[in-house]
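Here this note's numbering is used: the first residue of the sequence shown is 1416, the next is one more, and so on. Structure first, commentary second.
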Amino acid sequence: MFQDALIDAQTRVQVALDQVMRPHEGVIADAMRYTCTGGKRLRAFLVMEGAHLHGVSPQVADQAAAAIEMIHANSLVHDDLPCMDDDDLRRGMPTVHVQWDEATAVLTGDALQTLTFEVLSELEAPAQVRVALISSMAKAAGAAGMVLGQAMDIAAETAETPLTLDEITRMQAGKTGALIEWSGQAGAILAEADPTPLRHYAQAIGLAFQIADDILDIEGDAAKAGKRLQKDADAGKATFVSLLGMVGAKARAGELIVQACDALSPYGDSANNLKAAARFVIDRDT
């Protein structure tokens, strides 16, 4: 059931992305479509499932899901640049700066970011809901969220001492967790409902997601991942695995999934797909 729901979310959000990008032409538009192709679409799935729990129309949910996928794609395009993570593969395809050039990659990320907020501003929802989504997205993606996490990650590469467990947890709460947290609670915000249970759920799976990434960086298959692995180990950077050990990291990820599922108790069986998504976060192979 979860896999069917995930596939359905992937299909729906691609349709929504195609619709919002259709008016745009030229090389930047081509690069935007290129980087918004493929992927797990976990963030879109979380938006859609949260919206479904609260009776939000699929049409509105799909637009919000497209927004989070675009801001996520923006982060990937910029993270892959030589001045940051310097990656040449993403989802098994050349990264945007390799497929085109660095200037195109910078502008593509910028265009995806601004289109994200345009889409949220045009949602068929009350003004206060649109403002809440825009404000929370800006915080999640900006200097207190994703951008902060990326800056901390870059700084760690040249730091004299490796990051501590608390520092890594804070870094990943921004770099990876902030957009997942937005995705998890977006459905409740759209319905003007209390987002607390879904926020706690998303916070737990966001951290578990990063721990799973650290595990896959060691144990994963580069062909399946579609990107270069063991970068952190090669750079001598501290990770959840290096600090907790492989057994400890897997145990911590498992604990977080239990916490995430417990947070969904107010929704009963209606949240079974979200519970399955939590388990998927640590069971995935990409």
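All C-beta atoms, glycine included, are put in the ideal place defined by N, C-alpha and C.
Exercise for review: Look up Pro1509 in the DSSP assignment and give the residues it is bridged to.
Suggested key: Leu1504
Review point. Would you say Asp1503 and Asp1494 are within 8 Å of each other, going by their C-beta atoms?
Key: no
**Study point:** Same chain, Cβ closer than 6 Å to Asn1688, neighbours up to 5 away in sequence not counted
**Key:** Phe1417, Ala1420 and Glu1464
Point to revise | Whole-number beta carbon distance between Leu1622 and Leu1671, since they are thought to touch under 8 Å | key: That belief holds up - the Cβ atoms of Leu1671 and Leu1622 are roughly 6 Å apart, short of 8 Å.
Point to revise | Buried or exposed (CB count within 10 angstroms, at least 16 for buried), Gln1434 | key: In this structure Gln1434 is exposed. Its beta-carbon is surrounded by fewer than 16 other beta-carbon atoms within 10 angstroms.
Exercise for review: Check whether the Cβ atoms of Asp1477 and Val1428 lie closer than 8 Å to each other.
Suggested key: yes
Check your understanding: Cβ of Leu1594 within 8 Å of Cβ of Val1471?
Key -> no
Exercise for review: Could you tell me the distance, in whole angstroms, from the CA atom of Asn1489 to the CA atom of Ala1556?
Suggested key: 10 Å
Point to revise | 7 Å Cβ shell around Ala1526 - same chain, five flanking residues per side excluded | key: Ile1443 and Met1447
**Study point:** Cβ neighbours of Thr1531 in the same chain (closer than 6 Å, five flanking residues each side left out)
**Key:** Same-chain partners within the cutoff: Ala1482, Met1485 and Ile1486.
Exercise for review: Please go through the same chain and pick out, in chain order, the residues whose beta-carbon is closer than 7 Å to the beta-carbon of Val1544, but skip the five residues on each side of it.
Suggested key: The beta carbon of Val1544 sits closer than 7 Å to the beta carbons of Ile1604, Leu1605 and Glu1607 from its chain, once the five residues preceding and following it are set aside; these are given in chain order.
**Study point:** Proximity to Asp1516 [Cα-Cα], best of Val1534, Ala1619, Pro1497 and Ile1549
**Key:** The closest CA to that of Asp1516, considering only Val1534, Ala1619, Pro1497 and Ile1549, is found on Pro1497.
**Study point:** N-terminal and C-terminal residue of the alpha helix (DSSP H) that Cys1676 is part of
**Key:** Phe1655 to Ala1678
Review point. DSSP three-state call for Arg1427: helix, strand or coil?
Key: helix
Point to revise | Reference Ala1570, options Ala1693, Ala1559 and Met1586, closest by Cα | key: Met1586
**Study point:** Range covered by the alpha helix (DSSP H) that runs through Lys1690
**Key:** Asn1687 to Asp1698
Exercise for review: Just the C-alpha distance for Tyr1616 and Val1546, rounded to the nearest angstrom, thanks.
Suggested key: 23 Å
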